[in-house]
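Student:
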Amino acid sequence: MDWQFHMNDMSRIRPFLFAAGLTLMAPGALTAEETGPEKNEYAPEPGGLETFWNDVRFNGEISSLYTHTNPEEGIVNPNNSIKRIETGNWNTVARTEFSYKNRAAGINLRLEPWFSFERHFFDHAGGAPYSEENIQIGRYQAKFSGLIPRTTLAAQRGIVAWGPAFFGSPSNPFPDTSSTANPLEEEFGSDFLWMSHAFNGTWSMSAYQNYSRGSIDSVDSNPFKRAGTVAVHYNSYNYNVSLLAGNQEDYGPIYGAYGQWTLGEATVLYFDAGLRKRGRARYPVESSNILGGTYNSGKAVRKPEIVVGGSYTTADDTTFYGEYLFQGSGYSKGELDLARDIALAANENLVGAPALSEGTLGLAALNELPYLGQHNASLIVSRSIGDFDLTFQNQTNMQDFTGRLYGSVVYSYGPAKFTLSLLQAYGREGGAFRQSVDTQVVSGMLLRF
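Heads up: the sequence shown runs through residues -31 to -1, 1 to 418, numbered per mature numbering (1 follows the signal peptide of the UniProt record, and there is no 0).
Here it is in structure tokens:
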């Protein structure tokens, strides 16, 4: 799918579960074994092999999703000849999970072999449908929490994500691929090492370092870059704050913080902030050529980003989320207007100056800013009604008032889930949220066993 945002699970509105988990490792915390029923002293002790198999679990799931996309084929991507977006994608994934958890020894092992089949469809020139199969270790984890007191060490293939915001996490230096337009789809992970240590029930720290792209598909425009970060967490009764400092290969230091404040049972306020460089961004600049402008990447510097938001839950369990994102590295209002003017001129000169026009539009397509504009707002509503989970989201750029509407329905029946989601972009052609996808429909199912 061409664009992604945080919808596949509700982890981003449940921040600091990691810090809460560290609190449970503090002295005096009761484990499940300590609070469980008393053992029969006359029962024979299980042997080593029997004990091992009692701690082993096997399960798995099969998901099949179909995505139909109507690309934006206007001034930025005429006839879908620049971005060449897929118009259809059928993705079927089968995975088996093997896990071994020995709480007494503090060992938690997990291995997930994945088999995926994809069928890709296009409507642009030369875009013949094709299929691909992939068998690999989608995820794994080797976690040890008993070697050093109140410390957890792990090697893992997965998604490194934190913070409460749906807009993303400006404090996170790792590629965020944990969420898509479909609430059932789960991305492959990258390889990283992490460590956490609880000083007491209030203070803790954690550190992350990636070391491989892992099972994430390699693309030329997004090469693997090493990144690492260290965070200090403060976990109080009704508020939590984390401070982070790290480094990204080629892009330099990144500093950040995130936190939340619980005002009551119904209201939560939160933020996520970062000072970072978006090194693969492209910016429009005026030029004397016939298009009136071109694109360059030399303007990328370290700038602040911040998401502030809050949630309110009503008596009938309907939850509203409101967020504002300031992305310092995004386009100003003048740059959004200039980019649109350049695209209009490029369309008018596709016949007279095809190389210049198509090359300029291609530079615009290479932009890797998470959001194009500087000022963005989001409203999300979620509710569960019986076996149905409903979500609605509206994202808007506050400079040119383009946006996209998203809605999804998930129906659960026993071990199966069925989903249908719809995305629709709106606003002026070529605006901040009308660069790639016009309409997108996703349907599918997931079966756990």
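In this text, a Cβ means the ideal position worked out from N, Cα and C, and glycines have one as well.
Measure from the C-beta of Ile106 to each C-beta in chain C and report whether the shortest distance is under 8 angstroms.
Tutor: Absence of chain C from the displayed structure is noted, only one protein chain being present.
Student: Start and end of the alpha helix (DSSP H) containing Arg417?
Tutor: Numbered from 1 along the sequence shown, position 448 holds the residue referred to as residue 417. Not the alpha helix (DSSP H): Arg417 falls in the beta strand (DSSP E), residues Val406 to Arg417.
Student: How big is the Cα-Cα spacing for Leu325 and Asp356?
Tutor: By 1-based counting over the sequence shown, the position of residue 325 is 356. By 1-based counting over the sequence shown, the position of residue 356 is 387. Annotation: Leu325 to Asp356 spans about 54 angstroms, alpha carbon to alpha carbon.
Student: DSSP on Asp358, reduced to helix/strand/coil?
Tutor: Taking the first residue of the sequence shown as position 1, residue 358 is located at position 389. DSSP places Asp358 in strand when its eight states are reduced to three.
Student: Buried or exposed: where does Trp22 fall if 16 or more other Cβ atoms within 10 Å of its Cβ makes it buried?
Tutor: As a position in the sequence shown, residue 22 is number 53, starting the count at 1. It is exposed - the Cβ of Trp22 has fewer than 16 other Cβ atoms within 10 Å.
Student: I need the straight-line Cα distance from Phe240 to Ala176, nearest angstrom please.
Tutor: Within the sequence shown, numbered from 1, the residue matching residue 240 stands at position 271. Within the sequence shown, numbered from 1, the residue matching residue 176 stands at position 207. Looking at the backbone, the Cα of Phe240 and that of Ala176 are separated by about 21 angstroms.
Student: Run the CB neighbour count on Asn48, radius 10 Å, all protein chains shown included, and call it buried at 16 or more, exposed below.
Tutor: The residue given as residue 48 occupies position 79 in the sequence shown. When all chains shown are included, Asn48 counts as exposed.
Student: If Leu313 and Ile51 are in contact, beta carbons under 8 angstroms, what's the gap, nearest whole angstrom?
Tutor: To locate residue 313, count along the sequence shown from 1; it is residue 344. To locate residue 51, count along the sequence shown from 1; it is residue 82. Rounded, the Cβ-Cβ distance is 14 angstroms, inconsistent with contact.
Student: What is the rounded straight-line gap between the Cα of Asn77 and the Cα of Gly228?
Tutor: Locating residue 77 in the sequence shown gives position 108, counting from the first residue. Locating residue 228 in the sequence shown gives position 259, counting from the first residue. Going by the C-alpha atoms only, they are around 28 angstroms apart.
Student: Assuming Glu66 and Gly29 make a contact with CB atoms under 8 angstroms, what is their CB distance in whole Å?
Tutor: Your numbering for residue 66 matches position 97 in the sequence shown. Your numbering for residue 29 matches position 60 in the sequence shown. With 8 angstroms as the limit, Glu66 and Gly29 qualify as a contact, their Cβ atoms being about 6 angstroms apart.
Student: Just reading off the beta strand (DSSP E) that Asp241 is part of, what are its end residues?
Tutor: Taking the sequence shown and counting its residues from 1, the one referred to as residue 241 is at position 272. Element bounds for Asp241: Thr236 to Lys246.
Student: Based on DSSP bridge pairs, tell me the residues matched to Trp59.
Tutor: Numbered from 1 along the sequence shown, position 90 holds the residue referred to as residue 59. According to DSSP, which records beta bridges pairwise, Trp59 is partnered with Tyr35 and Arg88.
Student: Looking at Val201: is its Cβ nearer than 8 angstroms to the Cβ of Met174?
Tutor: As a first step, residue 201 must be located in the sequence shown, where it is residue number 232. As a first step, residue 174 must be located in the sequence shown, where it is residue number 205. Their beta carbons are under 8 angstroms apart, which means Val201 touches Met174 by this criterion.
Student: At the level of alpha carbons, what is the spacing between Leu294 and Ala73?
Tutor: Position 325 of the sequence shown, counting from 1, holds the residue named residue 294. Position 104 of the sequence shown, counting from 1, holds the residue named residue 73. Roughly 44 angstroms separates the two Cα atoms.
Student: Near Thr408, which residues of its chain fall below 6 angstroms by C-beta distance, leaving aside the five closest residues on each side in sequence?
Tutor: As a first step, residue 408 must be located in the sequence shown, where it is residue number 439. Within the same chain, Thr408 has close Cβ partners Asn39 and Gln393.
Student: With distance defined between alpha-carbon atoms, name the residue in Glu292, Asn258 and Gly170 nearest to Phe136.
Tutor: For the purposes of this step, residue 136 is taken as the residue at position 167 of the sequence shown. Per the Cα distances, Glu292.
Student: For Gly170, tell me which candidate among Ser184, Ile354, Ala124 and Asn204 has the shortest Cα-Cα distance.
Tutor: Here the question's residue 170 lines up with position 201 in the sequence shown. Residue Asn204 is the option with its Cα nearest to Gly170.
Student: Going straight from the alpha carbon of Tyr69 to that of Leu335, what length do you get?
Tutor: Residue numbering aside, residue 69 sits at position 100 when the sequence shown is read from its first letter. Residue numbering aside, residue 335 sits at position 366 when the sequence shown is read from its first letter. The straight-line gap from Cα to Cα measures roughly 43 angstroms.
Student: According to DSSP, is Trp83 helix, strand or coil?
Tutor: For this step, residue 83 is matched to residue 114 along the sequence shown. Reduced to three states, the DSSP call for Trp83 is strand.
Student: For Val129 and Ile104, I'd like the C-alpha separation in whole angstroms.
Tutor: Locating residue 129 in the sequence shown gives position 160, counting from the first residue. Locating residue 104 in the sequence shown gives position 135, counting from the first residue. Rounded to whole angstroms, Val129 to Ile104 spans 22 angstroms at the Cα level.
Student: Asn209 lies in the beta strand (DSSP E); which residues open and close that run?
Tutor: As a first step, residue 209 is located in the sequence shown; it is residue number 240 there, counting from the start. Tyr208 to Gln217 is the extent of the beta strand (DSSP E) around Asn209.
Student: What is the C-beta distance between Phe289 and Val350, in whole angstroms, given that I count them as a contact (C-beta under 8 angstroms)?
Tutor: Locating residue 289 in the sequence shown gives position 320, counting from the first residue. Locating residue 350 in the sequence shown gives position 381, counting from the first residue. Correct: roughly 6 angstroms between the Cβ atoms.
Student: Is Gly225 near Gly243, with beta carbons less than 8 angstroms apart?
Tutor: Locating residue 225 in the sequence shown gives position 256, where the first residue counts as 1. Locating residue 243 in the sequence shown gives position 274, where the first residue counts as 1. In this structure, Gly243 lies closer than 8 angstroms to Gly225 by Cβ.
Student: Nearest by alpha-carbon distance to Leu238: which of Asn216, Asn258, Tyr208 and Ile259 is it?
Tutor: Counting from 1 along the sequence shown, the entry for residue 238 is found at position 269. Minimum Cα distance to Leu238 is reached at Tyr208.
Student: Since Lys386 is in the beta strand (DSSP E), which residue starts that stretch and which ends it?
Tutor: Here residue 386 refers to the residue found at position 417 when the sequence shown is read from its first residue. Ala385 to Tyr395 is the extent of the beta strand (DSSP E) around Lys386.
Student: Evaluate Val270 with the Cβ neighbour count: other Cβ atoms within 10 Å of its Cβ, from every protein chain shown; 16 or more gives buried, anything less gives exposed.
Tutor: Numbered from 1 along the sequence shown, position 301 holds the residue referred to as residue 270. When all chains shown are included, Val270 counts as exposed.
Student: When DSSP labels each residue in this structure, what does Ile76 get in the three-state scheme?
Tutor: As a first step, residue 76 must be located in the sequence shown, where it is residue number 107. Looking at Ile76 - three-state DSSP - the assignment turns out to be strand.
Student: Just to confirm my understanding: we take Val410, look at its own chain, exclude 5 residues before and 5 after, and list those with CB closer than 6 angstroms. What are they?
Tutor: Position 441 of the sequence shown, counted from the first residue, corresponds to residue 410. Hits under 6 angstroms: His37 and Leu391.
Student: Alpha carbon to alpha carbon, how far is Ala333 from Asp219?
Tutor: Here residue 333 refers to the residue found at position 364 of the sequence shown. Here residue 219 refers to the residue found at position 250 of the sequence shown. Going from the Cα of Ala333 to the Cα of Asp219 covers about 22 angstroms.
Student: From Tyr340, Thr360, Asp285 and Ile259, pick the residue whose C-alpha is nearest to that of Gly321; which is it?
Tutor: The sequence position of residue 321 within the sequence shown is 352, counting from 1. Nearest of Tyr340, Thr360, Asp285 and Ile259 to Gly321, Cα basis: Ile259.
Student: Taking DSSP as the reference, what is the three-state secondary structure of Ala333?
Tutor: Counting from 1 along the sequence shown, the entry for residue 333 is found at position 364. Looking at Ala333 - three-state DSSP - the assignment turns out to be helix.
Student: If you measure between the beta carbons of Asn58 and His89, is that distance less than 8 angstroms?
Tutor: Locating residue 58 in the sequence shown gives position 89, where the first residue counts as 1. Locating residue 89 in the sequence shown gives position 120, where the first residue counts as 1. Contact: yes.
Student: Quick check on Asp285: does DSSP put it in helix, strand or coil?
Tutor: Here residue 285 corresponds to residue number 316 of the sequence shown, with the count starting at 1. Coil.
Student: Check each candidate in Met367, Phe361 and Asn318 and name the one with the smallest Cα separation from Tyr300.
Tutor: Residue mapping note: residue 300 aligns to position 331 of the sequence shown, counting from 1. Taking only the C-alpha atoms, the option nearest Tyr300 is Met367.
Student: Taking C-alpha atoms, which residue in Thr56, Ala123 and Thr360 lies nearest to Pro98?
Tutor: Mapped onto the sequence shown, residue 98 falls at position 129. Among Thr56, Ala123 and Thr360, the Cα nearest to that of Pro98 belongs to Thr56.
Student: Find the nearest neighbour of Tyr109 within the set Ser266, Pro273 and Gly127, judged by alpha-carbon distance.
Tutor: Taking the sequence shown and counting its residues from 1, the one referred to as residue 109 is at position 140. Comparing alpha-carbon positions, the option among Ser266, Pro273 and Gly127 lying closest to Tyr109 turns out to be Gly127.
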